[in-house]
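Peer 1: Below is one structure. I have some questions about it.
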Ligand SMILES: [Zn+2]
């Protein structure tokens, strides 16, 4: 690695630290929201036969899974790296989508 590349890496590291602190805060908030959504639906006895509520429960549960997976990646230090190509996901993308698992290129390829 050249000195220039090393300097660039340090700058990027600092920015990523700030981004991931903000992402963690947002992910934790999202987890709370989704958990209370799931709990609220499950507290409603008729949800088991209500298609709308079942669909909402499904959405809330998959969102919760995404958020929890992102928080796990933060704990193992793989947060912000694309799951497919391992390239760093641009901070701007993580700001919009804190639970993003893929870079834009890989995400497009999966569709
Ligand atoms: Zn990728």
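Residue numbers (my numbering): 18 to 128. Think of the CB as a built atom: it goes at the ideal place given N, C-alpha and C, for glycine as much as any other residue.
#1: May I ask you to list the residues that DSSP assigns as paired with residue 105?
#2: Quick check on residue 47: buried or exposed, where buried means 16 or more other Cβ atoms within 10 Å of its Cβ?
#3: Could you have a look at residue 118 and say whether DSSP puts it in helix, strand or coil?
#4: In angstroms with no decimal places, state the Cα-to-Cα distance between residue 123 and residue 64.
#5: For residue 78 and residue 85, what's the separation of their Cα atoms in angstroms?
Peer 2: Reading off the structure:
#1: In the chain shown, the residue the question calls residue 105 occupies position 88. For residue 105, which the question treats as bridged, DSSP gives the partners 98.
#2: What you label residue 47 is simply residue 30 of the chain shown in a count that begins at 1. With a 10 Å radius around the Cβ and a threshold of 16 neighbouring Cβ atoms, residue 47 comes out buried.
#3: On the chain shown, residue 118 is found 101 positions in, with the first residue counted as 1. Per DSSP, reduced to three states, the secondary structure at residue 118 is coil, with no helix or strand assignment.
#4: For the purposes of this step, residue 123 is taken as residue 106 along the chain shown, with counting starting at 1. For the purposes of this step, residue 64 is taken as residue 47 along the chain shown, with counting starting at 1. Distance from the CA atom of residue 123 to the CA atom of residue 64, rounded to whole angstroms, is 36 Å.
#5: Position 61 of the chain shown holds residue 78. Position 68 of the chain shown holds residue 85. One C-alpha to the other measures close to 10 Å.
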